[in-house]
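Enquirer:
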Amino acid sequence: MTVAVWEALRRHPARFPFTAWPLRAWAFLLSGTVLGCLVLMVFVVLLFVGLGLSVFGIGLVVLMGAAVYGIPVAALERRRLRLVEPDPLLDPHGSLPGTGALPWLRTRLRERATWRELAYTLIFGVVFTATGIGFTALLGLSLILVATPVIVWAIAPDTVMLIPGQPISDPVAALPGTAAGLVGLLLSAYAGAALAGAQVRIAQLLLSAREEDLSSRVIELTRSRARLIDAFEAERRRIERDLHDGAQQQLVALSMTLGLAELELRGQDSPASPYLARARSEARQALEQLRGLVRGLHPQVLTDHGLAAAVAELALRNPLPVTVDIDLPHRLPSSVETMAYFTITEALTNASKHSGADEVAVVGRLKGDKLVLLITDDGRGGADPAAGTGLQGLADRVAILKGRLIVTSPTGGPTQLRVEVPCSV
């Protein structure tokens with residue numbers, strides 16, 4: 040990782056003191072000196088109070104507070120580093136398993152980043168504060184020397200002494216002090232850049248996310264995505280069961296009741312007979328729509344017979360002629376089959392709505408541990424994900440299982456969608 044202030048100094052060493060970098064480095068070092076003193080005092084108080092009260096038990100709580108004290112300090116430092124480092128540091132901490140102080144404390148104490156941040160806090164409070172005090176003295180003395188003629192002019196004669204025993208009463212005689220102060224400011228510019236760069240470098244080593252932190256975060260995101268998929272599948276099955284066992288059965292019972300009522304009135308000249316027939320027809324239509332909705336949630340043939348049979352049934356209901364060639368040696372994981380089925384469903388819907396095609400071909404093969412689907416239509420082509428044709432939704436659906444979608448759609452056609460999904464997810 041590069042250090043911006045060091046790069047600026049290396050590229051233009053002669054012009055560096057006349058840029059904004061010295062002022063930024065000075066602001067960083069001076070604010071760090073004040074903050075470092077406060078951080079060190081608070082940590083010392085926490086440590087001694089925790090040790091003093093450890094015999095009563097509450098001291099252990101204070102000591103745990105001291106252990107995680109580096110977390111807020113590091114968060115503040117990552118913000119303060121923006122004074123001299125444009126690229127922000129990534130937070131190394133992972134997500135929390137729950138809410139509340141206890142899960143937070145348990146998780147943070149197990150992370151290596153917490154202890155790296157505590158080490159940075161100690162270095163910041165001791166080393167950086169000491170060097171900051173020395174730099175502040177150098178900068179302050181240089182500014183005083185630069186302002187010596189003004190001080191001589193403003194204060195009574197014979198009261199300003201650059202050298203002990205040699206009072207200066209003439210502002211012109213104080214100009215050598217101004218020259219020395221300018222040299223001190225020039226030295227402060229380079230020294231400030233060096234010290235600020237050193238602090239940034241140490242912060243990059245201790246406060247930024249490391250490869251193992253990012254790897255654990257990726258693993259956690261993968262597990263979280265898998266949990267979301269499982270939760271969605273469980274919720275879908277619950278809705279399907281409720282529709283099948285609840286509303287669907289009630290509509291069947293209603294249709295039967297209306298049929299019995301129609302039989303009772305058959306042969307009688309009753310004005311209610313046409314209304315009963317109409318109500319029975321509407322109940323039958325509602326039942327068909329509900330069954331279509333249940334099939335849309337998750338077709339039973341997909342559960343019972345697999346992807347090839349489900350896509351073949353889907354092709355029969357599609358308004359365009361669809362050729363299905365899916366040859367799989369075995370059943371795939373349910374999440375992969377579900378994703379593949381609904382991806383093909385959306386692709387066929389998009390083809391019938393937007394492509395102007397006369398026919399569509401669906402080919403599916405298992406290559407290694409990947410399911411490869413090719414969905415080809417002979418339409419006009421020119422499919423654009425940004426044009427609202429649903430391709431972005433297809434890509435998002437495939438990405439849930441770490442798959443990828445490749446679209447080939449030259450103007451004039453044909454359009455081919457290639458879907459690759461690992462079956463090991």
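Counting from 40, one number per residue, gives the positions in the sequence shown under the working numbering.
For glycine and all other residues, C-beta sits at the position ideal for the given N, C-alpha and C.
Does the Cβ of Pro372 lie closer than 8 angstroms to at least one heavy atom of the ligand PLP?
Expert: With respect to small molecules bound, the structure shown includes none, and the ligand PLP cannot be examined in it.
Enquirer: Can you grab the Cα-Cα spacing for the pair Asp126 / Gln328, in whole Å?
Expert: Taking the sequence shown and counting its residues from 1, one reaches residue 126 at position 87. Taking the sequence shown and counting its residues from 1, one reaches residue 328 at position 289. C-alpha separation (whole angstroms): 56 angstroms.
Enquirer: Would you mind working out which of Ala379, Gly75, Leu413, Gly223 sits nearest Ile439, comparing C-alpha positions?
Expert: Along the sequence shown, one-based indexing puts residue 439 at 400. When only C-alpha atoms are compared, the closest one is Ala379.
Enquirer: Assign Thr447 to buried or exposed, taking buried as 16 or more other Cβ atoms, counted over all protein chains shown, within 10 Å of its Cβ.
Expert: Start at 1 with the first residue of the sequence shown, and residue 447 comes out as number 408. Its Cβ having fewer than 16 others within 10 Å, Thr447 is exposed.
Enquirer: Note down, in chain order, each residue of its chain lying with its Cβ closer than 8 angstroms to the Cβ of Glu46, except the 5 sequence neighbours on either side.
Expert: Against the sequence shown, residue 46 aligns to sequence position 7. Excluding sequence neighbours, Glu46 sits near nothing in its chain.
Enquirer: When you compare only the Cα positions, how much space is there between Ser391 and Ala113?
Expert: Along the sequence shown, one-based indexing puts residue 391 at 352. Along the sequence shown, one-based indexing puts residue 113 at 74. Each residue's alpha carbon lies about 56 angstroms from the other.
Enquirer: For Ala59 and Ala106, what's the separation of their Cα atoms in angstroms?
Expert: One-based indexing of the sequence shown puts residue 59 at position 20. One-based indexing of the sequence shown puts residue 106 at position 67. So the alpha carbons of these two residues sit roughly 38 angstroms apart.
Enquirer: Going by alpha carbons, who is nearest to Val42 out of Thr450, Gly298, Gln238, Phe381?
Expert: Stepping through the sequence shown from its first residue, residue 42 is reached at position 3. Per the Cα distances, Gln238.
Enquirer: Could you compute how far the alpha carbon of Gln289 sits from the alpha carbon of Leu405?
Expert: Here residue 289 refers to the residue found at position 250 when the sequence shown is read from its first residue. Here residue 405 refers to the residue found at position 366 when the sequence shown is read from its first residue. Spanning the two alpha carbons is a distance of roughly 42 angstroms.
Enquirer: For Leu371, tell me which candidate among Gly407, Ala248, Val401, Leu297 has the shortest Cα-Cα distance.
Expert: Locating residue 371 in the sequence shown gives position 332, counting from the first residue. That would be Gly407, whose Cα lies nearest to the Cα of Leu371.
Enquirer: With distance defined between alpha-carbon atoms, name the residue in Val44, Val185, Arg419, Gly285 nearest to Leu234.
Expert: Mapped onto the sequence shown, residue 234 falls at position 195. Here the closest residue by C-alpha is Val44.
Enquirer: Of the choices Gly75, Arg145, Ala66, Ile241, whose alpha-carbon is the least far from that of Met40?
Expert: If you number the sequence shown from 1, residue 40 lands on position 1. Met40 has its Cα closest to that of Ile241, out of Gly75, Arg145, Ala66, Ile241.
Enquirer: Can you check DSSP and say which residues form a bridge with Gln455?
Expert: One-based indexing of the sequence shown puts residue 455 at position 416. For Gln455, which the question treats as bridged, DSSP gives the partners Thr415, Thr447.
Enquirer: Inspect the beta-carbon positions of Arg457 and Val411 and report whether they are closer than 9 angstroms.
Expert: Within the sequence shown, the letter at position 418 stands for residue 457. Within the sequence shown, the letter at position 372 stands for residue 411. Yes, the pair counts as a contact, with Cβ atoms nearer than the cut-off.
Enquirer: How many angstroms separate the CA atom of Thr146 from the CA atom of Leu359?
Expert: Locating residue 146 in the sequence shown gives position 107, where the first residue counts as 1. Locating residue 359 in the sequence shown gives position 320, where the first residue counts as 1. Cα to Cα, Thr146 sits roughly 55 angstroms from Leu359.
Enquirer: Output needed for Asn357: all residues of its chain with C-beta closer than 8 angstroms, excluding positions within five of it in sequence on either side, in chain order.
Expert: Counting from one through the sequence shown, the residue named residue 357 turns up at place 318. Excluding sequence neighbours, Asn357 sits near Leu387, Ser391, Val399.
Enquirer: Measure how close the beta-carbons of Thr168 and Leu69 come, nearest whole angstrom, since I'm counting them as under 8 angstroms.
Expert: Taking the sequence shown and counting its residues from 1, the one referred to as residue 168 is at position 129. Taking the sequence shown and counting its residues from 1, the one referred to as residue 69 is at position 30. Not quite, the Cβ-Cβ distance comes to about 12 angstroms (not below 8 angstroms), so this is no contact.
Enquirer: Rank Ser309, Leu86, Gln324 by C-alpha distance to the C-alpha of Leu293 and give the top, closest one.
Expert: By one-based count along the sequence shown, residue 293 stands at place 254. Checking every option, the nearest Cα to that of Leu293 belongs to Gln324.
Enquirer: For my contact list, Gly223 and Leu184 are in at a C-beta cut-off of 8 angstroms; report their separation, rounded to the angstrom.
Expert: Numbered from 1 along the sequence shown, position 184 holds the residue referred to as residue 223. Numbered from 1 along the sequence shown, position 145 holds the residue referred to as residue 184. That belief holds up - the Cβ atoms of Gly223 and Leu184 are roughly 6 angstroms apart, short of 8 angstroms.
Enquirer: Along the chain, where does the alpha helix (DSSP H) that runs through Asp364 open and close?
Expert: Taking the sequence shown and counting its residues from 1, one reaches residue 364 at position 325. First-last for Asp364: 361-365, but that is the beta strand (DSSP E), not the alpha helix (DSSP H).
Enquirer: For Gln339, does the three-state DSSP call read helix, strand or coil?
Expert: In the sequence shown, counting from the first residue as 1, residue 339 sits at position 300. Gln339: helix per DSSP, three-state reduction.
Enquirer: Leaving out five residues on either side along the sequence, give the residues of the same chain with a beta carbon under 8 angstroms from the beta carbon of Tyr108.
Expert: The sequence position of residue 108 within the sequence shown is 69, counting from 1. Once the five neighbours on either side are set aside, the close Cβ partners of Tyr108 are Val81, Phe82, Leu85, Leu157, Thr160.
Enquirer: Counting along the chain, where does the alpha helix (DSSP H) carrying Ala59 start and finish?
Expert: Translated into the one-based positions of the sequence shown, residue 59 becomes position 20. No alpha helix (DSSP H) contains Ala59, which DSSP labels as neither H nor E.
Enquirer: Pick out whichever of Val78, Arg436, Gly104 has its Cα sitting closest to the Cα of Leu115.
Expert: Numbered from its first residue, the sequence shown carries residue 115 at position 76. For the residues Val78, Arg436, Gly104, the minimum Cα distance to Leu115 belongs to Val78.
Enquirer: Just to confirm my understanding: we take Ile383, look at its own chain, exclude 5 residues before and 5 after, and list those with CB closer than 8 angstroms. What are they?
Expert: Position 344 of the sequence shown, counted from the start, is the residue given in the question as residue 383. Cβ neighbours of Ile383 beyond the five flanking positions: Val350, Leu353, Val401, Leu412, Ile414.
Enquirer: Taking only the alpha-carbon atoms, compute the straight-line gap between Arg117 and Val88 and give it to the nearest angstrom.
Expert: For the purposes of this step, residue 117 is taken as residue 78 along the sequence shown, with counting starting at 1. For the purposes of this step, residue 88 is taken as residue 49 along the sequence shown, with counting starting at 1. Arg117 and Val88: Cα-Cα distance of roughly 28 angstroms.
Enquirer: When burial is assigned at 16 or more other CB atoms within 10 Å of the CB, is Glu124 buried or exposed?
Expert: The sequence position of residue 124 within the sequence shown is 85, counting from 1. Buried.
Enquirer: From the DSSP output, which residues share a beta bridge with Arg404?
Expert: Counting from one through the sequence shown, the residue named residue 404 turns up at place 365. DSSP, once it has assigned bridges, lists Val411 as partnering Arg404.
Enquirer: Given that a residue counts as buried once 16 or more other Cβ atoms are within 10 Å of its Cβ, and exposed if not, what is Ser320?
Expert: Here residue 320 refers to the residue found at position 281 of the sequence shown. Exposed, because fewer than 16 other Cβ atoms sit within 10 Å of the Cβ of Ser320.
Enquirer: Three-state secondary structure (DSSP) at Pro111?
Expert: Indexing the sequence shown from 1 puts residue 111 at position 72. Residue state, collapsed to three classes: helix.
Enquirer: Could you check which residue in Ala322, Pro453, Val460, Gln455 has the C-alpha nearest to that of Arg443?
Expert: As a working mapping, residue 443 is identified with position 404 in the sequence shown. Of the candidates Ala322, Pro453, Val460, Gln455, the one whose C-alpha sits nearest the C-alpha of Arg443 is Val460.
Enquirer: With a CB to CB cut of under 8 angstroms and the five nearest residues on each side skipped, what residues in its chain are close to Ala318?
Expert: Looking up residue 318 in the sequence shown gives position 279. Once the five neighbours on either side are set aside, the close Cβ partners of Ala318 are Leu297.
Enquirer: Between Gly164 and Gly96, which are expected to be in contact by the criterion C-beta below 8 angstroms, what is the C-beta distance as a whole number of angstroms?
Expert: Here residue 164 refers to the residue found at position 125 when the sequence shown is read from its first residue. Here residue 96 refers to the residue found at position 57 when the sequence shown is read from its first residue. Their Cβ separation, rounded to whole angstroms, is 27 angstroms, which puts Gly164 and Gly96 out of contact at 8 angstroms.
Enquirer: Specify the secondary structure class of Val460 as computed by DSSP and reduced to three states.
Expert: Start at 1 with the first residue of the sequence shown, and residue 460 comes out as number 421. Three-state result, Val460: strand.
Enquirer: Using CA coordinates, which residue listed in Cys462, Leu315, Pro368 is at the minimum distance from Ser374?
Expert: Against the sequence shown, residue 374 aligns to sequence position 335. Checked all of Cys462, Leu315, Pro368; the closest Cα to Ser374 is Cys462.
Enquirer: Leaving out five residues before and five after Ile202 in sequence, what residues of the same chain have Cβ atoms less than 7 angstroms from its Cβ?
Expert: Taking the first residue of the sequence shown as 1, we reach residue 202 at position 163. Low local confidence applies: a pLDDT of 49 at Ile202 is under 50, so the model's placement there is unreliable, with the coordinate-based value given in what follows. Same-chain partners within the cutoff: there are none.
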